[in-house]
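Below is one structure; the comments refer to it alone.
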C-alpha cells in the first residue's frame with residue numbers, strides 16, 4: 003500500500019474515532035489506545051466481503067453509526083478498492099523485501115505505536131532492510147500467512163544500544179503473530195541472538211510440542227538441538243556452532259505446515275515441533291537493542307500446485 007493510501011485510510015479512521023469516544027478533549031487519540039493499535043487488514047480483508055473491513059474499522063474505535071453510514075453511502079466500497087494492492091497470488095513465492103520500500107509491513111514501536119517511527123528504526127539501506135535496534139518494537143506483515151516455507155537472510159551490524167556495549171546482540175524472527183500489538187505479540191519466535199540463534203521461544207500464550215510434550219508457558223524456550231561435534235567445534239573457535247561471525251550473512255529457514263514447525267540455521271536442522279498454536283498469522287522482525295540487516299525474507303507457499 004502506498005504512503006498516500008495509508009495516510010488517507012488512517013486519517014479517515016482517525017477522524018471518525020475523534021468524532022466518537024476515543025479522543026480526549028484536545029482532539030488527540032488517547033495514549034492508551036495508540037500502543038494497542040489493532041492489527042492492520044490482512045489477506046482475508048482484501049479477498050472477502052467488505053464486512054471484514056467494517057469489523058477492522060470497528061476495532062479501531064469507529065462509531066457503529068458512522069460505519070453503517072459508510073456502507074449505505076458507498077464510502078466503504080471505495081475504501082475496499084484502496085486495499086486491493088494487498089492481494090497476493092498465494093501460489094507463488096512472495097518476496098516480502100523488495101529492496102525499495104517496506105510496503106508489505108507496518109511498523110510498531112513500544113512507546114510510539116503504529117506508523118510512528120520518527121527515528122527511522124526500520125529503513126531500506128543499500129537495498130537491504132536495516133533495523134537499528136534503537137527502540138523496542140517490530141516490523142510486522144500486513145498479511146497473515148499459513149502453510150509456508152520462510153527463508154530469511156540476516157547479518158549483524160555494528161551498533162549496540164544501551165550502556166553495556168559488550169553484551170551479546172539480540173533480535174528475533176516471529177511467526178504466527180496474532181492479537182494486539184505489544185511487547186511481544188502472541189507468536190512463536192525463532193531467536194536471533196549471538197550464540198542462541200535457532201532457539202525457539204513461546205510468546206504470550208503460544209503453544210508448541212517438542213518430543214511429544216506441549217509447552218505453553220510464556221517465554222518457554224526450546225533450546226536448539228546441537229550435536230556434540232557442533233558443540234566441540236564451537237568451543238574450539240570460541241564462537242557459535244551454527245552462526246557465522248558478525249558481518250557475515252546467515253540463513254534461517256522455517257517450515258510451517260498445519261501445526262508442524264521445523265527450524266534450520268545455515269542448513270542445519272535445530273528444532274522440529276508439532277501442535278503449534280497459533281498455526282497462522284503475521285511475520286514479525288524484532289528491534290531489540292542491536293543493529294541487524296535483512297536482505298531476504300521470502301515466503302514459499304506449501305500448498306502451491
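Numbering (my numbering), first residue to last: 3 to 307.
The beta-carbon is built from N, C-alpha and C at its ideal position, and this holds for glycine as well.
### Message
Bridge partners for residue 126 per DSSP, in chain order?
### Response
On the chain shown, residue 126 is found 124 positions in, with the first residue counted as 1. Answer by DSSP bridge pairing, in chain order: 131.
### Contact belief for residue 210 with residue 283 at Cβ below 8 Å, rounded distance in angstroms
Here the question's residue 210 lines up with position 208 in the chain shown. Here the question's residue 283 lines up with position 281 in the chain shown. Not quite, the Cβ-Cβ distance comes to about 14 Å (not below 8 Å), so this is no contact.
### Straight-line Cα distance separating residue 109 from residue 142
For the purposes of this step, residue 142 is taken as the residue at position 140 of the chain shown. For the purposes of this step, residue 109 is taken as the residue at position 107 of the chain shown. Here the alpha carbons of residue 109 and residue 142 stand approximately 6 Å from one another.
### Query
Helix or strand or just coil, what does DSSP make of residue 191?
Against the chain shown, residue 191 aligns to sequence position 189. Of the three classes helix, strand and coil, the one that applies to residue 191 here is strand, per DSSP.
### Query
Are the Cβ atoms of residue 292 and residue 135 separated by less than 9 Å?
As a position in the chain shown, residue 292 is number 290, starting the count at 1. As a position in the chain shown, residue 135 is number 133, starting the count at 1. Against a cut-off of 9 Å, the Cβ pair of residue 135 and residue 292 comes out as a contact.
### Message
Less than 9 Å between the beta carbons of residue 267 and residue 226, yes or no?
### Response
On the chain shown, position 265 is the one that residue 267 refers to. On the chain shown, position 224 is the one that residue 226 refers to. Taking 9 Å as the Cβ cut-off, residue 267 and residue 226 qualify as a contacting pair.
### Task
Give the range of the beta strand (DSSP E) segment to which residue 278 is assigned.
Counted from its first residue, the chain shown places residue 278 at position 276. For residue 278, the uninterrupted beta strand (DSSP E) segment begins and ends at 270 to 279.
### Query
Excluding five sequence neighbours on each side, which residues of the same chain lie with their C-beta closer than 8 Å to the C-beta of residue 289?
For the purposes of this step, residue 289 is taken as the residue at position 287 of the chain shown. So the list reads 111, 123, 124, 133, 134, 135, 136, 137, 138, 139, 140, 141, 173, once near-sequence residues are dropped.
### Residue nearest to residue 208 in terms of C-alpha spacing, selected from 242, 232, 188, 118
Position 206 of the chain shown, counting from 1, holds the residue named residue 208. Among 242, 232, 188, 118, the Cα nearest to that of residue 208 is on 188.
#### Entry: Pairwise C-alpha distance: residue 169 and residue 161
The residue given as residue 161 occupies position 159 in the chain shown. The residue given as residue 169 occupies position 167 in the chain shown. Taking the CA atoms as reference points, residue 161 sits about 11 Å from residue 169.
### Query
Closest to residue 230 by CA distance: which of 221, 244, 224, 219 is it?
Numbered from 1 along the chain shown, position 228 holds the residue referred to as residue 230. Of the candidates 221, 244, 224, 219, the one whose C-alpha sits nearest the C-alpha of residue 230 is 244.
### Query
Which class does residue 211 belong to by DSSP, given the choice of helix, strand or coil?
The residue you call residue 211 lines up with position 209 of the chain shown. In this structure, residue 211 counts as strand in the three-state DSSP scheme.
### Task
Return the residue from the list 285, 263, 270, 271 that minimises the CA-CA distance to residue 277.
Locating residue 277 in the chain shown gives position 275, counting from the first residue. The shortest C-alpha to C-alpha distance from residue 277 to any of 285, 263, 270, 271 is the one to 263.
### Task
Could you check how far apart the C-beta atoms of residue 159 and residue 286 are, in whole angstroms? I think they sit under 8 Å.
As a working mapping, residue 159 is identified with position 157 in the chain shown. As a working mapping, residue 286 is identified with position 284 in the chain shown. At roughly 19 Å, the Cβ-Cβ gap does not stay under 8 Å, so residue 159 and residue 286 are not in contact.
### Query
What are the boundary residues of the beta strand (DSSP E) that residue 2 is part of?
Nothing in the structure corresponds to residue 2, since the chain is present only between 3 and 307.
### Query
Using a Cβ-Cβ cut-off of 6 Å (strictly less than) and excluding sequence neighbours within five positions of residue 102, which residues of its own chain qualify?
Numbered from 1 along the chain shown, position 100 holds the residue referred to as residue 102. In its chain, beyond the 5 residues on either side, no residue has a beta carbon closer than 6 Å to the beta carbon of residue 102.
### Supposed contact pair residue 152 and residue 296 - C-beta distance, whole angstroms, cut 8 Å
Along the chain shown, read from residue 1 onward, the residue named residue 296 stands at position 294. Along the chain shown, read from residue 1 onward, the residue named residue 152 stands at position 150. In this structure, residue 296 and residue 152 do not form a Cβ contact; the two beta carbons are roughly 12 Å apart against a cut-off of 8 Å.
### Message
Tell me the DSSP secondary structure of residue 142 in three-state form.
### Response
Sequence index remark: in the chain shown, residue 142 carries index 140 (1-based). The answer is strand: DSSP assigns residue 142 an E or B state.
### Message
Along the chain, where does the beta strand (DSSP E) containing residue 301 start, and where does it finish?
### Response
On the chain shown, position 299 is the one that residue 301 refers to. Taken as a continuous stretch (DSSP letters only), the beta strand (DSSP E) holding residue 301 covers 292 to 303.
### residue 270 vs residue 157 beta-carbon contact at 9 Å
Numbered from 1 along the chain shown, position 268 holds the residue referred to as residue 270. Numbered from 1 along the chain shown, position 155 holds the residue referred to as residue 157. The beta carbons of residue 270 and residue 157 sit no closer together than 9 Å.
### Task
Under the assumption that residue 205 contacts residue 186 (Cβ atoms under 8 Å), give the Cβ distance between them as a whole number of angstroms.
As a position in the chain shown, residue 205 is number 203, starting the count at 1. As a position in the chain shown, residue 186 is number 184, starting the count at 1. That pair is a contact at about 5 Å.
### Query
From which residue to which residue does the beta strand (DSSP E) around residue 151 run?
Here residue 151 refers to the residue found at position 149 when the chain shown is read from its first residue. Where residue 151 is concerned, the enclosing beta strand (DSSP E) stretches over 150 to 162.
#### Entry: C-beta contact flag for residue 150 and residue 301 at 9 Å
What you label residue 150 is simply residue 148 of the chain shown in a count that begins at 1. What you label residue 301 is simply residue 299 of the chain shown in a count that begins at 1. For residue 150 and residue 301, yes; Cβs fall inside 9 Å.
#### Entry: With 16 other Cβ atoms within 10 Å as the buried cut-off, status of residue 127
Reading the chain shown from its first residue, position 125 is the one you call residue 127. Its Cβ having fewer than 16 others within 10 Å, residue 127 is exposed.
#### Entry: Supposed contact pair residue 202 and residue 223 - C-beta distance, whole angstroms, cut 8 Å
Counting from one through the chain shown, the residue named residue 223 turns up at place 221. Counting from one through the chain shown, the residue named residue 202 turns up at place 200. With a beta-carbon spacing of about 7 Å, residue 223 and residue 202 fall inside the 8 Å limit used to define contacts.
### Message
Restricting to Cα atoms, I'd like to know which of 261, 97, 255, 114 is closest to residue 183.
### Response
In the chain shown, residue 183 corresponds to position 181, counting from 1. Restricting attention to 261, 97, 255, 114, the CA atom closest to the CA of residue 183 is found in 114.
### Query
Taking the continuous beta strand (DSSP E) assigned at residue 254, which residues delimit it?
Counted from its first residue, the chain shown places residue 254 at position 252. Residues 252 to 259.
### Query
Got a sec, what are the start and stop residues for the beta strand (DSSP E) residue 117 sits in?
Within the chain shown, residue 117 is the residue found at index 115, counting from 1. Premise fails: residue 117 is in no beta strand (DSSP E) and is neither H nor E.
### Task
Please report the residue range of the beta strand (DSSP E) in which residue 179 lies.
Position 177 of the chain shown, counted from the start, is the residue given in the question as residue 179. Annotation for residue 179: the continuous beta strand (DSSP E) segment containing it runs 172 to 180.
### Query
DSSP beta-bridge partners for residue 264?
Position 262 of the chain shown holds residue 264. Residue pairing for residue 264: DSSP places it in a beta bridge opposite 257, 274.
### Task
State buried or exposed for residue 120, treating a residue as buried only when at least 16 other CB atoms are found within 10 Å of its CB.
Taking the first residue of the chain shown as 1, we reach residue 120 at position 118. That one is exposed.
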